[in-house]
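Asker: Below is the structure I would like to discuss, written out as structure tokens.
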Amino acid sequence: MADSKATEREGAGFKIIYQILVTMLVIALIPLGGLWYIGIYQSRQEWTENIYRNLVENTEHLTRSVDEWTNMNLRLLDQNAATPAILGMESSVQNPALKTMSDTYEWIYLAFTILPDGQNLGRSDGKPETYYGDRDYFKQVLGGRPMGQQVLLGKTSKKPAFILAKPIKGEGAKNLGVIAIAMTLEDLSKAITKTRIGETGFAILLDENNRLIAHGHGEVSSELQDFGTHPVLSQRNRFDADSFAFQEDDKKILAYSKKTAQGWTLIVQQDYEEAYAAANEAQRNALVLLLVTLVTVIIIAYLLARRLSTPIRNLTIIADEISRGNLNAVIKEKDRSDEIGALARAIDRMGVSLQMAFERLRKR
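Numbering-wise (our numbering), the sequence shown opens with residue 152 and increments by one.
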């Protein structure tokens, strides 16, 4: 019987301490949940918006740079096409002027002119004339376009090259031929895609057929590269309709694209891990802080719950002892100044009253 009552008392003590503990934890978890939302979820959303804005701004900036670079080269061709040295259409006079062009602009490895029949006339490198009548840029200009452009495998450099061409206009706007400049893609990459984003961010410039013109890493293959399967262009491996994150081979990237005035495509991309490195670190730090705070709250709540439940359990035991006739039980909680102390003093007074009543009964 005594063991049963002792167990009942222990069960009662167990229940109240954990009821107090759970109540305190629920109250504490409300602000902790708010801290998690503000410190982790919301900050990551803001970080994502900043990354996206940075990609867009860099893409637009580089697009303007590409347009300015292209316009500069087209003005260069227009200006030289209007000089007497070029208009004379004599290779001996044109060659020095063309050499000056290639020497002045480091990304130009060849400046040359072509007659209307496609035969090469003047060259900046002094090499024998070559037939260029089969080239698209030549056909574009002779077909009436204000400019010609083509990515191809250069006959001179034997490397992927980019060609810009303009007509040579004589009196009465007669088309005397074509003036063109050739640039290797490595040099072109250095000239117009110099902007870097962190360690892994770079830009890619593609022509209207999605072939590589310039690469921010400067890594250009010895063959013409078709980037038509790039995730940004094909929209494959996109994580959702509103996302700018893609899966490229075995890594996750963030990317944004924009068309230039010439119809080219500029893509700016960055590795996902690097872009979110600071956000992930902040998230880890916030989680550590959250866990430390949670553990601290649990410890404090447990200690406080014990401080509240232990005297209640003691008073329960004392009240049980008094009910069994033990009126000499010592109540330690009488000196407390809170409600538990008031309860302890009330139980003590009850014990004194019972003692006095028993004394009067004995005297009778």
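Cβ coordinates follow ideal geometry from the N, Cα and C atoms, glycine included.
If you're wondering where the values come from, they're calculated on a predicted model, not measured in any experiment.
Just list the residues that DSSP pairs residue 240 with in beta bridges.
Answerer: None; residue 240 has no bridge partner.
Asker: Between residue 382 and chain C, is the shortest Cβ-Cβ distance under 8 Å, so that the two count as touching?
Answerer: Protein chains in the displayed structure number just one, and chain C is not present.
Asker: Using the C-alpha atoms, what's the distance from residue 416 back to residue 408?
Answerer: 7 Å
Asker: So if DSSP puts residue 148 in a beta bridge, which residue, or which two residues, is it bridged to?
Answerer: Any property of residue 148 remains undetermined from this structure, which presents the chain solely from 152 to 515.
Asker: Checking 8 Å against the spacing of the C-beta atoms, do residue 521 and residue 434 come in under that value?
Answerer: Only positions 152 to 515 of the chain appear in this structure, which leaves residue 521 out of reach.
Asker: So what does residue 366 bridge to, in DSSP terms?
Answerer: As computed with DSSP, residue 366 is found in a beta bridge with 355.
Asker: So the candidates are 257, 455, 404; which of them puts its Cα closest to the Cα of residue 174?
Answerer: 455
Asker: Name the two residues that bound the continuous alpha helix (DSSP H) containing residue 194.
Answerer: 194-232
Asker: In whole angstroms, give me the CA-to-CA distance for residue 268 and residue 349.
Answerer: If you take the alpha carbons of residue 268 and residue 349, they lie about 49 Å apart.
Asker: Please state the DSSP three-state secondary structure of residue 397.
Answerer: The answer is strand: DSSP assigns residue 397 an E or B state.
Asker: Assuming the contact rule is C-beta atoms closer than 8 Å, residue 313 and residue 336 should be a hit. Round their C-beta distance to whole Å, please.
Answerer: 6 Å
Asker: Let me know the secondary structure DSSP gives residue 380 once reduced to three states.
Answerer: coil
Asker: Is it buried or exposed, residue 507, if we count other Cβ atoms within 10 angstroms and call 16 or more buried?
Answerer: exposed
Asker: Would you tell me roughly how many angstroms separate the C-alpha atoms of residue 162 and residue 466, rounded to the nearest one?
Answerer: Its pLDDT being 45, under 50, residue 162 is placed unreliably by the model, and nothing is read from it.
Asker: Can you look up residue 325 in the DSSP assignment and give me helix, strand or coil?
Answerer: Residue 325: coil per DSSP, three-state reduction.
Asker: Determine the DSSP secondary structure at residue 497, reduced to helix, strand or coil.
Answerer: helix
Asker: In angstroms, rounded to a whole number, what distance separates the CA positions of residue 285 and residue 419?
Answerer: 33 Å
Asker: For the alpha helix (DSSP H) that residue 287 lies in, which residues bound it at each end?
Answerer: 287-293
Asker: Using 8 Å as the threshold, is the region 326-335 in touch with the region 248-261, meaning 3 or more CB pairs across them?
Answerer: Segments in contact, yes.
Asker: For the region 313-322 against the region 288-302, do three or more pairs of beta-carbon atoms, one drawn from each stretch, fall closer than 8 Å, so that the two count as touching?
Answerer: yes
Asker: From the DSSP output, in three-state form, read off residue 411 for me.
Answerer: In the structure shown, residue 411 sits in coil (DSSP, three-state: anything other than H, G, I, E or B).
Asker: Whole angstroms are fine: how far does the CA of residue 427 sit from the CA of residue 406?
Answerer: 13 Å
Asker: Using the three-state DSSP reduction, which class does residue 320 fall into: helix, strand or coil?
Answerer: strand
Asker: My output table needs one value for residue 152: the three-state DSSP class, helix, strand or coil.
Answerer: Unreliable placement is indicated for residue 152, whose pLDDT of 42 sits below 50; the coordinate value is still reported in the next sentence. Look at residue 152 here: in three-state DSSP terms it is coil, with no helix or strand label.
Asker: Quick check: what's the CA-CA separation for residue 340 versus residue 368?
Answerer: In a straight line, the C-alpha of residue 340 is about 8 Å away from that of residue 368.
Asker: Just to check my reading of the structure: residue 443 and residue 179 have Cβ atoms closer than 8 Å, yes? What is that Cβ distance to the nearest angstrom?
Answerer: Here residue 443 is actually not in contact with residue 179; their C-beta atoms are around 13 Å apart, not less than 8 Å.
Asker: According to DSSP, which residues form a beta bridge with residue 312?
Answerer: 303, 335
Asker: For residue 282, list the residues DSSP reports as bridge partners.
Answerer: 270
Asker: My guess is that residue 238 and residue 327 are in contact by the Cβ rule of under 8 Å, so how many angstroms apart are they, rounded?
Answerer: 7 Å
Asker: Can you give me the Cβ contacts of residue 485 inside the same chain, cut-off strictly under 7 Å, excluding the 5 residues immediately before and after it?
Answerer: 492, 495, 496, 499
Asker: Tell me the rounded alpha-carbon separation between residue 397 and residue 323.
Answerer: 54 Å
Asker: Going by Cα to Cα distance, which pick from 359, 256, 275, 375 is closest to residue 311?
Answerer: It is 375 whose Cα lies nearest to the Cα of residue 311.
Asker: From the DSSP output, which residues share a beta bridge with residue 422?
Answerer: 404
Asker: Going by DSSP in three states, residue 480 sits in which element: helix, strand or coil?
Answerer: coil
Asker: Should residue 271 and residue 288 be called a contact, given that it needs their Cβ atoms to be closer than 8 Å?
Answerer: no
Asker: For residue 394, does the count of other Cβ atoms within 10 angstroms reach 16, so buried, or fall short, so exposed?
Answerer: exposed
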